[in-house]
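First up is the structure itself, then whatever we jot down about it.
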Amino acid sequence: MDKKRLEISDLGEFGLIDRIAGNFSIKNRSTLKGIGDDAAVLDAGDEAILISTDLLVEGIHFDLAYTPLHHLGYKAVAANVSDIAAMNGKAEQITVSIALSNRFSVDAVDALYEGIKAACDSFTVDLVGGDTTSSRAGLMISITVLGRAKKEKVVYRNGAKPNDIICVTGDLGGAFMGLQILEREKEVYLSNPAMQPEIEKYEYMVGRLLKAEARTDIVADLAEQGVIPTSMIDISDGLASELFHLSKQSNVGIHIFEDKIPIDHQTYDAAIEFKLDPITCALNGGEDYELLFTIAQADYEKLKNHADIHMIGYTNDKPAEKIMVSKQGTVVPLKAQGWNHFAG
Ligand code: ADP
Ligand code: MG
């Protein structure tokens, strides 16, 4: 009898990771946390070593038609450093592996590493190794980052308690709008190469996409204020998706307010111009690399005046409940992907 082949798309990325993880168990006492957080956590006495890895594939994660290689190098490092920040740790070393087709020149590799070096300088990280190989087509970059934190300061995705305050840093949806803008300009250029791209007025969003930063400053500010978040994750796949991760792993419900979600006015205006709903862009747009975390109510006073930390709602003891109160006061269920503003 024919058995239908199980497609990867039937499981999705997270379903696939769960399936892989389900077949492995931890055998070493030194492995404090394995698969399932922004970084794995290894025992190093009073301290914990944090380790995370990321693979970027040309045509999937970046388009060299509009991504300068030095920005790509910087961003590849920043994305990894962000995963260490999401554990409340400090990144210290990276290894960088690249696969290149013969389309790339030495100058191209130099440009890529110029960006990697700039990020190593800016985040005080050492490049300590890697691997270099050829590819049939395109460029692939895999970075592994090692970080460190005092054991009791490591923050996981699973520590949120009911009635914690949900916080996000910076503003959201900008990188997603940057992508829309660059994709549009690429289409215009392909249909008429004489046209000059018109991106100056969109500089902010394009910068959010191409020049991603990791919020190491927030990790420092939290330490200075003496606040250890109860849970934390970085926003690489979109606020809604990351809220689902916190909810699932911490077993709490999510109650956020639309009017508290930080959106830069330039992102807002660009979304309207593109006939997109700004709040959908903020909820589901990826690659902002901001931090999403929860704090105990007792820590509210310590962070309430921080200019770049926004309190967007609270957790509750109903894990099945993941809702947003709209500006009109209606209750809208959050969806991990493609929330439709007009559906509620
Ligand atoms: P992030 O978005 O923070 O980088 P991911 O969603 O990529 O995290 O991964 C979630 C968890 O699954 C992490 O702990 C990661 O190390 C793990 N993971 C992802 N892919 C694999 C894989 N192919 N094999 C083992 N673990 C994986
Ligand atoms: Mg992450």
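For reference, each letter of the sequence shown is one residue, going 4 to 347 in our numbering.
Don't be surprised by glycine CBs; every beta carbon is placed ideally from N, CA and C.
For clarity, every value in this text was computed on a predicted model and none was experimentally measured.
Rounded to whole angstroms, glutamate 276 and histidine 313 show a C-alpha spacing of 26 angstroms. Residues Leu286, Asn287, Leu337, Lys338, Ala339, Trp342 of the same chain have their beta carbon placed closer than 7 angstroms to that of alanine 243, with the five preceding and five following residues left out of the count. Here alanine 223 is exposed, its C-beta having fewer than 16 other C-beta atoms within 10 Å.
Using a 10 angstroms sphere on the CB of serine 194, the tally of other CB atoms stays under 16, which defines it as exposed. Closest in alpha carbon position to leucine 149, among Ile52, His268, Pro265, is Ile52. For the pair leucine 75 and aspartate 86, the Cα-to-Cα distance works out to about 17 angstroms. Note on the segment 211 to 297: whole beta strand (DSSP E) runs with a minimum of 3 residues are 234 to 238, 256 to 260, in chain order. At least one heavy atom of the ligand MG lies less than 7 angstroms from the C-beta of alanine 89. Sequence-distant partners of threonine 70 (beyond 5 residues in either direction) whose C-beta falls short of 7 angstroms from its own C-beta, in its chain, are Leu213.
For secondary structure counted as the alpha helix (DSSP H) over 4 or more consecutive residues, the segment 66 to 109 holds these complete runs in sequence order: 72 to 88. Contact check for lysine 154 and glutamate 227: beta-carbon distance about 20 angstroms, past the 8 angstroms limit, so the pair fails to qualify. Taking the Cα of alanine 79 as reference, the smallest distance to any Cα among Glu117, Asn91, Ala43, Ala47 is reached at Glu117. Relative to the ligand MG, isoleucine 236 has its C-beta within less than 7 angstroms of a heavy atom.
Rounded to whole angstroms, the Cβ separation of aspartate 41 and methionine 90 is 6 angstroms, and the two are in contact under 8 angstroms. Buried is the label assigned to aspartate 237, since at least 16 other Cβ atoms lie within 10 Å of its Cβ.
For valine 148, the enclosing beta strand (DSSP E) begins and ends at 143 to 153. Between glutamate 290 and alanine 178, the CB-CB gap stays under 8 angstroms. For glutamate 216, the closest of Ile101, Met327, Ile38, Ile119 by C-alpha to C-alpha distance is Ile119.
For serine 125, the three-state secondary structure derived from DSSP is helix. Within the same chain, Cβ atoms closer than 8 angstroms to the Cβ of valine 209 are found at Gly181, Ile184, Leu185, Ile202, the five residues on either side in sequence being excluded.
The residues Cys170, Pro232, Met235, in chain order, have a CB closer than 6 angstroms to that of phenylalanine 296 in the same chain once the five nearest residues on each side in sequence are set aside.
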